[in-house]
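Taking it in order: structure first as structure tokens, then the write-up.
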């Protein structure tokens, strides 16, 4: 071929369109409404909290996050004379309790998920899955009462033990020596509450581990544990982290159970064994009943902060899941 | 199946019914006597298999001499894959699966009480239908993954890595990117990576379950060459739907068939014979493409 092909102009890509049918349009509208409704509801709640709490937030400014005072004095007519609102102690308490909860719940959940998927005989698996799902639906006040009556006395023993052997670490320090109703106790109760969530998410993701890779591992002489390490955990890592973050979110928002087993003290406390702390949600339930209109605004502002804290944790979870999810799939 | 190669060669000269598959089977280089792998090979005695109440495999007796390639052919659902999965005890992973009979590796039953099943799977390696490298590992890590999984230590990892990739026919293509992820290879390369991975634990027997069914002709050819090379040092059993492939790579061929009931082994002969002078009418119908 000696002729030179005439130079062709490179066309711009065509715009591709489809005209949807009427039924498609209707269905699209329905699912759009469904999909957006949660976003709208969430937005409205944030708006409401912001609107109600705005006055206090403006009054307290950044101190609302950094100070630990919570006091209000009113005259007989109900006019506010002086008020100080600060959430620092409650925020620290929220984070502390939740971290303790996840630290305890995560290994237990992962091991039970692995047990259920790879070790439990069929009949036992069925029973356990039902029990764990039931645990997730269990009312939290019952966890709280059980935690108060049964768990607390025995957890105190473990708290003392931890203090005795690990007291040199700042996290396990105990000064003054008050062990009842500590963030540790609340964390244990929360851990029991979030185990079902993390377990079901982990179980789900582990059960999706690709069979061909599982077989490949076995065919290479892997023991069950070696197979799990090589195939199931790399595959499920990101899902487990996602589950843990879901649990963390639940733990941070938990109200009644924490309220039952935790001393609410307006003083920043990073010692998890010390019987002082609080969390934002239980602060709201503690104060809400007898709050003056102005204090209610402060509580709404606290709710808004909790709302954003949960949002941040979930966003963080998403980032982590994306970052770890790429390998292993 | 244990006929010597001498009689096999005589048989070839008296081919009665020429067919293209027989020609293919004869055309390949016959293995010279004496290039025998270590060990006495593999024998199966009265293998039956069930999935739940479903009897899928009935009374299979086959011997696999060390250093030979045996192809298992037959229509889908006749129990070929189930059969090779009973050999390295992968069958029992399927819920409800059961088996009867004996699989003798060097004379010892792999199903005997007290057998460490992970050791059996190290001696009897397996390559699957779909390439299944570990995506979280690099190419190099994939090849050596068997050692890690079975907690073995080797001193000369780099040599072993090169040797296995070389034998699997992949070394030249990946030697500059051993740190890349296994999933970055093409399908054919991934399958050769899986072969290299199986070789790294030095199995005596290699089971291949339709290793080329997901691959293009070029990759298939590479893997067939690899199989021919590997058979110098190990016993290979390959399930294939491709009769050309069976004719090209195998020394012996066994024909499986299910007549609606459990799968049975109809005939096992030297490959050149089964494609030229099948003893059973059903085998003839199958290899001449009249059904299946």
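Protein chains in written order, with the UniProt record's numbering: chain A, 1 to 329; chain B, 1 to 292. All C-beta atoms in this analysis are idealised placements derived from N, C-alpha and C, irrespective of residue type, glycine included. Computed from a predicted model, the values in this text were never measured in an experiment.
List the residues of chain A that residue i touches, going by C-beta distances under 8 Å, in chain order.
i: residue 125/B; result: 219 and 220
i: residue 201/B; result: 220 and 221
i: residue 64/B; result: Within 8 Å Cβ-Cβ: nothing; residue 64/B doesn't reach chain A, min ~18 Å.
i: residue 51/B; result: Correct list: empty, because the minimum Cβ distance to chain A is about 16 Å.
i: residue 255/B; result: None at all; the shortest Cβ gap to chain A is about 25 Å.
i: residue 275/B; result: Ordered by position in chain A, no residue passes the 8 Å Cβ test against residue 275/B, which lies about 30 Å from the chain.
Let me confirm a value: residue i is counted as buried when at least 16 other C-beta atoms fall within 10 Å, else exposed. Which label applies?
i: residue 229/B; result: exposed
i: residue 113/B; result: exposed
i: residue 164/A; result: exposed
i: residue 310/B; result: Absent from the structure is residue 310/B, since the part of chain B shown begins at 1 and ends at 292.
i: residue 44/A; result: exposed
i: residue 7/A; result: exposed
i: residue 122/A; result: exposed
i: residue 147/A; result: buried
i: residue 37/A; result: exposed
i: residue 133/B; result: buried
i: residue 32/B; result: The pLDDT assigned to residue 32/B is 44, lower than 50, so where the model puts this residue is not dependable, and the model offers no usable value.
i: residue 14/A; result: exposed
i: residue 211/B; result: buried
i: residue 29/A; result: exposed
i: residue 205/B; result: buried
Who are the near neighbours of residue i in its chain, counting only those whose CB is closer than 7 Å to its CB and skipping five residues on each side?
i: residue 35/B; result: Its pLDDT being 40, under 50, residue 35/B is placed unreliably by the model, and nothing is read from it.
i: residue 324/A; result: 237, 238 and 241
i: residue 110/A; result: 202 and 240
i: residue 14/B; result: Residue placement at residue 14/B is poorly supported in this model, since its pLDDT is 42, which falls under 50; the coordinates still yield a value, given next. Closer than 7 Å at the Cβ level, and outside the excluded window around residue 14/B, lies no residue.
i: residue 69/B; result: 227, 231, 236, 238, 249, 250 and 251
i: residue 310/A; result: 249, 252 and 253
i: residue 52/A; result: 297 and 300
i: residue 267/A; result: 68, 89 and 276
i: residue 179/A; result: 156, 159, 160, 273 and 275
i: residue 381/A; result: No statement about residue 381/A is possible, as the shown extent of chain A runs from 1 to 329 and does not include it.
Which residues in chain B have a C-beta closer than 8 Å to the C-beta of residue i? List them in chain order.
i: residue 232/A; result: Under the 8 Å cutoff, chain B gives no residues; its nearest Cβ is about 11 Å from residue 232/A.
i: residue 212/A; result: 128, 130 and 132
i: residue 209/A; result: Result: empty, since nearest Cβ-Cβ is about 11 Å, beyond 8 Å.
Could you tell me which chain B residues have their CB closer than 7 Å to the CB of residue i, listed as they occur along the chain?
i: residue 223/A; result: 118
For residue i, which residues in chain A fall below 7 Å Cβ to Cβ?
i: residue 215/B; result: Per Cβ cutoff of 7 Å: no residues; residue 215/B is ~15 Å from chain A at best.
i: residue 122/B; result: 221
i: residue 145/B; result: 220 and 230
i: residue 83/B; result: Here the premise fails: no neighbours, minimum Cβ distance about 16 Å.
I'd like the list of long-range same chain contacts for residue i, defined as Cβ closer than 8 Å, with 5 residues on each side in sequence excluded.
i: residue 94/B; result: 51
i: residue 321/A; result: 238, 239, 241, 242 and 245
Using C-beta distances below 6 Å, list every residue in its chain close to residue i, excluding the 5 sequence neighbours before and after it, in chain order.
i: residue 263/A; result: 181, 275 and 276
i: residue 94/A; result: 252, 279 and 280
i: residue 174/B; result: 139
i: residue 266/B; result: 255, 257, 280, 282 and 283
i: residue 100/B; result: 48
i: residue 121/B; result: 88
i: residue 8/B; result: In this prediction, residue 8/B has a pLDDT of 44, which is less than 50 and means its spatial position is unreliable; nothing more can be read from the coordinates.
Taking Cβ-Cβ distances shorter than 9 Å, what residues in chain A pair up with residue i?
i: residue 197/B; result: 216 and 220
i: residue 90/B; result: 215, 218 and 219
Residues of chain B with CB closer than 9 Å to the CB of residue i, please, in chain order.
i: residue 226/A; result: 118, 148, 149, 150 and 151
So, do the stretch 218 to 230 of chain B and the stretch 195 to 209 of chain B have three or more beta carbon pairs nearer to each other than 8 Å?
Contact between the stretch 218 to 230 of chain B and the stretch 195 to 209 of chain B is present: three or more C-beta pairs spanning the two stretches fall below 8 Å.
State whether the stretch 153 to 163 of chain B contacts the stretch 252 to 271 of chain A, with contact taken as three or more CB pairs (one from each stretch) at a distance under 8 Å.
No, because fewer than three Cβ pairs between the stretch 153 to 163 of chain B and the stretch 252 to 271 of chain A fall closer than 8 Å, the two stretches do not touch.
Quick check on the DSSP output: what are the complete beta strand (DSSP E) runs of length 3 or more inside the stretch 67 to 126 of chain A, in order along the chain?
As far as the stretch 67 to 126 of chain A is concerned, its whole beta strand (DSSP E) runs of at least 3 residues are 70 to 74 and 80 to 85.
Would you call the stretch 167 to 185 of chain B and the stretch 137 to 146 of chain B touching, i.e. three or more CB-CB distances under 8 Å?
Contact holds: three or more Cβ-Cβ distances are below 8 Å.
Mind pulling the beta strand (DSSP E) runs of 3 or more residues that sit fully within the stretch 239 to 283 of chain A?
Scanning the stretch 239 to 283 of chain A from its first residue to its last, no whole beta strand (DSSP E) run of 3-plus residues comes out.
With a floor of 4 residues, list each alpha helix (DSSP H) that falls wholly inside the stretch 159 to 186 of chain B, ordered by position along the chain.
Qualifying alpha helix (DSSP H) stretches, in chain order: 171 to 174.
Using 8 Å as the Cβ pair cut-off and three pairs as the minimum, do the stretch 70 to 79 of chain B and the stretch 102 to 118 of chain B touch?
The stretch 70 to 79 of chain B vs the stretch 102 to 118 of chain B: no contact.
Write down every uninterrupted run of the alpha helix (DSSP H) in the stretch 224 to 256 of chain B whose length is 4 residues or greater and which is fully enclosed by it, in chain order.
With a minimum length of 4 residues, the continuous alpha helix (DSSP H) runs that stay inside the stretch 224 to 256 of chain B are 243 to 249.
Residue ranges of each alpha helix (DSSP H) within the stretch 180 to 247 of chain A, 4 or longer:
You should have 183 to 207, 211 to 219 and 224 to 227.
Three Cβ pairs or more, each shorter than 8 Å: is that satisfied between the stretch 56 to 67 of chain A and the stretch 200 to 217 of chain A?
Because the criterion of three Cβ pairs below 8 Å is not met, the stretch 56 to 67 of chain A and the stretch 200 to 217 of chain A do not touch.
Check whether the stretch 298 to 316 of chain A touches the stretch 126 to 140 of chain A, counting contact only when three or more Cβ pairs, one atom from each stretch, lie closer than 8 Å.
Under the three-pair Cβ rule at 8 Å, the stretch 298 to 316 of chain A does not count as touching the stretch 126 to 140 of chain A.
Does the stretch 219 to 229 of chain A come within contact of the stretch 280 to 299 of chain A, defined as at least 3 CB pairs closer than 8 Å?
Between the stretch 219 to 229 of chain A and the stretch 280 to 299 of chain A, the count of C-beta pairs closer than 8 Å stays below three; the two stretches do not touch.
If you pair each beta-carbon of the stretch 101 to 115 of chain A with each one of the stretch 176 to 195 of chain A, do three or more pairs fall below 8 Å?
Yes, they touch.
Which runs of the beta strand (DSSP E) spanning at least 3 residues fall entirely within the stretch 42 to 99 of chain B, listed in chain order?
Counting only runs of 3 or more, we get 42 to 51, 54 to 64 and 69 to 73.
Across the stretch 69 to 79 of chain A and the stretch 283 to 297 of chain A, are there enough close Cβ pairs to call them in contact, namely three or more that are closer than 8 Å?
Contact holds: three or more Cβ-Cβ distances are below 8 Å.
Can you list, in chain order, the stretches of the alpha helix (DSSP H) that have 4 or more residues and sit fully within the stretch 22 to 65 of chain A?
Along the stretch 22 to 65 of chain A, the alpha helix (DSSP H) occurs as fully enclosed runs of 4 or more residues at 22 to 60, listed in sequence order.
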